[in-house]
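In my numbering, the protein residues as written are 1 to 318. From the three backbone atoms N, C-alpha and C, an ideal C-beta is built for every residue, glycine too. Notes follow the structure.
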């Protein structure tokens with residue numbers, strides 16, 4: 001094993017001169033947790049080489065005439081690091097040859113939604129099914145999509161405001177979803193800092209998965225994610241009866257919802273928008289529910305339950 005050169009650290013920009021040259025690092029990125037297998041193309045490879053990422057020594061797995069395979073060390077923080085090869089009195093450096101990204105194992109790296117809305121009942125007139133896909137890349141976080149719908153499972157809140165703090169990655173990348181032969185391209189919005197597109201009929205398939213195809217941008221490596229999105233079975237409200245020619249009339253003080261295929265999703269989300277008879281928005285209730293087939297939205301949640309006209313109900317299974 002070699003030894004670290006005196007004075008070499010993460011910020012050292014000393015230009016070491018030697019007879020070897022590092023021409024490629026593959027892959028050239030990984031997480032701060034370390035342990036990524038990396039192949040270095042080096043010409044030539046000397047006897048018993050030692051490899052450093054920044055000021056930390058990597059584990060050498062194997063060597064060849066022009067290749068060194070290593071396992072990356074941990075890093076205290078993200079960012080680019082120099083890659084250095086040392087053997088005997090020789091050394092060579094590739095400045096910013098490897099980039100560390102914050103380890104996000106067990107956390108969320110994207111936040112968004114992929115949905116298809118299908119109206120129930122014929123009283124909606126010309127309203128047709130529609131859908132949307134949108135998501136943002138974020139720094140690893142414990143916040144999940146459900147946190148935008150409630151702070152407690154199986155509960156409803158009036159005008160719920162989520163307590164979230166997200167660091168959005170605002171570097172524009174390409175974003176493309178694939179399901180078999182179907183391709184869905186999303187555009188980056190510099191205002192919303194998210195990737196978004198409206199879906200067309202056939203884009204959304206229930207009980208299916210969508211891959212995030214290789215995407216990249218300036219300063220970011222190309223990467224892809226298999227099964228990036230998994231869609232659940234469809235959900236329909238079975239009570240109150242909203243499938244008729246007229247809106248369902250609710251006489252009870254409390255509104256109990258029943259839906260189909262209980263237990264087939266992770267959870268259910270519901271949004272109930274209250275309007276007056278002139279169509280003016282009054283208030284909103286959001287629910288984060290167990291997928292157990294029913295839930296009662298109590299009168300006490302509403303400020304104007306008995307004062308106004310009708311509710312527009314949106315329900316989704318996640």
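Please classify residue i: does DSSP put it in a helix, a strand, or coil?
i, result
"residue 188", "strand"
"residue 321", "Missing from the structure shown is residue 321; the chain here goes from 1 to 318 and no further."
"residue 146", "helix"
"residue 117", "strand"
"residue 63", "strand"
"residue 22", "strand"
"residue 43", "strand"
"residue 136", "strand"
"residue 7", "Only weak support exists for where residue 7 lies, its pLDDT of 35 falling under 50; the coordinates are left without a value."
"residue 153", "coil"
"residue 72", "coil"
"residue 377", "There is no way to answer for residue 377, as the model of the chain reaches only from 1 to 318."
"residue 313", "strand"
"residue 141", "strand"
"residue 87", "strand"
"residue 158", "strand"
"residue 31", "strand"
"residue 205", "coil"
"residue 231", "coil"
"residue 104", "coil"
"residue 111", "strand"
"residue 169", "coil"
"residue 308", "coil"
"residue 193", "coil"
Apart from the five residues on each side of it in sequence, which residues of its chain come closer than 6 Å, Cβ to Cβ, to residue i?
i, result
"residue 313", "272"
"residue 289", "154, 268 and 295"
"residue 175", "186, 195 and 215"
"residue 130", "117"
"residue 98", "25, 28, 53, 81 and 83"
"residue 255", "297"
"residue 127", "119"
"residue 149", "269, 286 and 288"
"residue 278", "none"
Quick one: what's got a C-beta closer than 7 Å to residue i's C-beta in the same chain, skipping five residues either side?
i, result
"residue 134", "112, 113, 194, 195 and 196"
"residue 147", "162 and 164"
"residue 6", "Residue placement at residue 6 cannot be trusted, given a pLDDT of 35 that sits under 50; the coordinates are not used to answer."
"residue 276", "282, 308 and 309"
"residue 262", "291, 292 and 293"
"residue 253", "299"
"residue 212", "177, 224, 225 and 228"
Ordered along the chain, which non-local residues of its own chain (more than five positions away) have a Cβ less than 8 Å from that of residue i?
i, result
"residue 302", "158, 274, 283 and 285"
"residue 31", "100, 101, 102, 103, 104 and 105"
"residue 242", "120, 121, 248 and 313"
"residue 316", "115, 235, 268, 269 and 270"
"residue 44", "19, 20, 65 and 66"
"residue 318", "145, 146, 232, 265, 266, 267, 268 and 269"
"residue 258", "237, 238, 239, 293 and 294"
"residue 59", "70, 71 and 73"
On the DSSP bridge list, what partners appear for residue i?
i, result
"residue 212", "177 and 225"
"residue 80", "99"
"residue 129", "In DSSP, residue 129 forms no bridge with anything."
"residue 237", "259"
"residue 199", "131"
"residue 295", "257"
"residue 56", "53"
How many whole angstroms separate the CB atoms of residue i and residue j, which I take to be in contact at a CB cut-off of 8 Å?
i, j, result
"residue 153", "residue 267", "7 Å"
"residue 57", "residue 38", "Rounded, the Cβ-Cβ distance is 13 Å, inconsistent with contact."
"residue 229", "residue 177", "7 Å"
"residue 109", "residue 140", "6 Å"
"residue 232", "residue 264", "6 Å"
"residue 69", "residue 62", "4 Å"
"residue 41", "residue 23", "5 Å"
"residue 87", "residue 46", "3 Å"
"residue 136", "residue 168", "5 Å"
"residue 107", "residue 142", "6 Å"
Does the beta carbon of residue i come closer than 8 Å to any beta carbon on chain B?
i, result
"residue 202", "The structure shown contains no chain B; it holds only a single protein chain."
When you measure from the CB of residue i to every non-hydrogen atom of the ligand GTP, does any distance come out below 7 Å?
i, result
"residue 192", "Among the components modelled here there is no ligand, and therefore nothing to report on the ligand GTP."
Residue ranges of each beta strand (DSSP E) within the region 249 to 290, 3 or longer
For the region 249 to 290, the full-length beta strand (DSSP E) segments reaching 3 residues or more read 255 to 259, 268 to 275 and 281 to 289 along the chain.
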